[in-house]
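Reading through the structure tokens given below for one structure.
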Amino acid sequence: MEKQENRDKIIVRTSIVGILVNVFLAAFKAVIGLTANSIAIVMDAVNNISDAASSVITIVGTKLAGKEPDKKHPFGYGRIEYLSAMVISLLVLYAGITALTESVKKIISPDVPDYSVVSLIIVAVAVVAKIILGRYVKHVGVKVNSDSLVNSGEDATLDSVISASTLVAAAIFLIFHISLEAWLGAIIAIVIIKSGFEMLKDTLSKILGEGADSELVKDLKKTINSYPEVHGAYDLVMHNYGPDSYTGSVHIEVPDTLSADELDQLIRKITIDVLQKHDVILTAIGVYSFNTKDPDAASARKTITELVTADPYVLQMHGFYLDKKEKTIRFDIVISFDAEDRYKVYEEAVKKVQKEFPDYTLQIAMDTDF
Numbered sequence: 006m007e008k009q010e011n012r013d014k015i016i017v018r019t020s021i022v023g024i025l026v027n028v029f030l031a032a033f034k035a036v037i038g039l040t041a042n043s044i045a046i047v048m049d050a051v052n053n054i055s056d057a058a059s060s061v062i063t064i065v066g067t068k069l070a071g072k073e074p075d076k077k078h079p080f081g082y083g084r085i086e087y088l089s090a091m092v093i094s095l096l097v098l099y100a101g102i103t104a105l106t107e108s109v110k111k112i113i114s115p116d117v118p119d120y121s122v123v124s125l126i127i128v129a130v131a132v133v134a135k136i137i138l139g140r141y142v143k144h145v146g147v148k149v150n151s152d153s154l155v156n157s158g159e160d161a162t163l164d165s166v167i168s169a170s171t172l173v174a175a176a177i178f179l180i181f182h183i184s185l186e187a188w189l190g191a192i193i194a195i196v197i198i199k200s201g202f203e204m205l206k207d208t209l210s211k212i213l214g215e216g217a218d219s220e221l222v223k224d225l226k227k228t229i230n231s232y233p234e235v236h237g238a239y240d241l242v243m244h245n246y247g248p249d250s251y252t253g254s255v256h257i258e259v260p261d262t263l264s265a266d267e268l269d270q271l272i273r274k275i276t277i278d279v280l281q282k283h284d285v286i287l288t289a290i291g292v293y294s295f296n297t298k299d300p301d302a303a304s305a306r307k308t309i310t311e312l313v314t315a316d317p318y319v320l321q322m323h324g325f326y327l328d329k330k331e332k333t334i335r336f337d338i339v340i341s342f343d344a345e346d347r348y349k350v351y352e353e354a355v356k357k358v359q360k361e362f363p364d365y366t367l368q369i370a371m372d373t374d375f
């Protein structure tokens, strides 16, 4: 809880810095752009205002996401951060489309800019300010895993490129008396629109539900497998309810000699350990038992493993158990998403095993590579 509060404070503080810098830059650029009759600088000022608005949305989103879980939303409000990141990307898109519209108008009916040394110096200072702000905001965003801050930081870095390009256009006009203002404004607008689409795509991908971070999964499984009774951790499914907010479920493979009491104690220990070390709440731990009393089971397991994993699209076999009394064999196979037809791969694996063990009833589950 304390960690979450510190994270929220860092995001809010960073966003306030962004608001102050962007409002200050927008005011100066607007005055310069209107005085110099420069559409590119005016559009740059508008972009700074959209950045300030993005920071406001980040603060509001962070505050709402920090609300305590309740009856209606028992997993909390953490996903609001993804929605705020999406709103920011839409704002960037809107700013880009507006800039493109104005630039096209100026291409059709061009104006002659009137630059001054003071105005160009201020724009140059703005370039440096936005580079520093962009790196700072993105660094903090990556550190605290905030998509909203990362998006704002990338947008600020893009702004520095935009401001620098207005200086280039001004230099060309002063030296060659060729006005590229409107065309530059159009190019800037297209870059902004592209950036907005990329931000939107990344945020929507997270809202739809992406796989958990591979390093987190690896560390979490390592913790579970550290228990001597556990011979494997499989089917780990992670549900994301906001940045750094996970619940999940997993299957563990344990000897068939464990009593219900021993198993209960083991599951409770693992649940507490995973929460303390990884901040992940395991809402369920399923159990696979493996044969310890029948040497023929080990031989059958080896044979079946070789049969099914001969197919390159079968990534893993686990949860194996052979029951001679019931004449059943059960296990799961994980089939890659790269397979053209995952069900066909599954059916082929079942046929191979059934041919090798015709007297047994097969209970084979097709698993997803989460």
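Each position in the sequence shown, counted from 1, maps to that position plus 5 in this note's numbering.
Ideal Cβ positions, reconstructed from N, Cα and C, are used throughout, including at glycine.
Under 8 Å Cβ to Cβ from residue i, same chain only, skipping five residues before and after it: list those, please.
i	result
aspartate 343	Tyr318
glutamate 86	Gly66, Thr67, Ala70, Ser151, Asp152, Ser153, Gly247 and Pro248
isoleucine 192	Ser170
valine 259	Glu234, Val235, His236, Leu268, Leu271, Val292, Tyr293, Ser294 and Phe295
Am I right that residue i and residue j are in contact with their C-beta atoms under 8 Å? What's the rounded C-beta distance?
i	j	result
alanine 377	glycine 247	The shown model of the chain, from 6 to 375, leaves out residue 377, and the question about it has no answer.
alanine 175	leucine 105	Not quite, the Cβ-Cβ distance comes to about 21 Å (not below 8 Å), so this is no contact.
lysine 332	aspartate 364	6 Å
valine 196	tyrosine 251	35 Å between Cβ atoms; not a contact.
threonine 67	aspartate 13	5 Å
serine 121	alanine 35	Not really, about 15 Å apart at Cβ, beyond 8 Å.
alanine 50	proline 115	That belief does not hold up - the Cβ atoms of alanine 50 and proline 115 are roughly 20 Å apart, past 8 Å.
May I ask you to report which of helix, strand or coil DSSP gives residue i?
i	result
threonine 162	helix
phenylalanine 336	strand
glycine 324	strand
alanine 315	coil
isoleucine 183	coil
aspartate 224	helix
alanine 303	helix
aspartate 152	helix
aspartate 218	coil
aspartate 372	strand
Apart from the five residues on each side of it in sequence, which residues of its chain come closer than 6 Å, Cβ to Cβ, to residue i?
i	result
leucine 138	Val26 and Ala161
aspartate 261	Ser294 and Thr297
isoleucine 212	Tyr87
For residue i, collect the residues of the same chain with a Cβ closer than 7 Å to its Cβ; drop the 5 residues on either side in sequence, then sort them by chain order.
i	result
alanine 169	Val132
isoleucine 183	Ile177
Can you check whether the C-beta of residue i is within less than 9 Å of a C-beta belonging to chain C?
i	result
aspartate 299	Protein chains in the displayed structure number just one, and chain C is not present.
Residue ranges of each beta strand (DSSP E) within the stretch 238-297, 3 or longer = 238-245, 251-260 and 285-295
query = Is the stretch 55-73 touching the stretch 14-30, taking contact as three or more C-beta pairs under 8 Å?
reply = yes
query = Using 8 Å as the threshold, is the stretch 228-238 in touch with the stretch 192-208, meaning 3 or more CB pairs across them?
reply = no
task = Taking 8 Å as the threshold, find out whether the stretch 339-355 comes into contact with the stretch 302-318 through three or more Cβ pairs.
result = yes
request  = Tell me the start and end of each unbroken alpha helix (DSSP H) in the stretch 29-106 that is at least 4 residues and wholly inside, in chain order.
outcome  = 44-70
query = Are there three or more Cβ pairs, one per stretch, closer than 8 Å when the stretch 108-115 is compared with the stretch 216-228?
reply = Flag = no, the stretch 108-115 and the stretch 216-228 do not touch.
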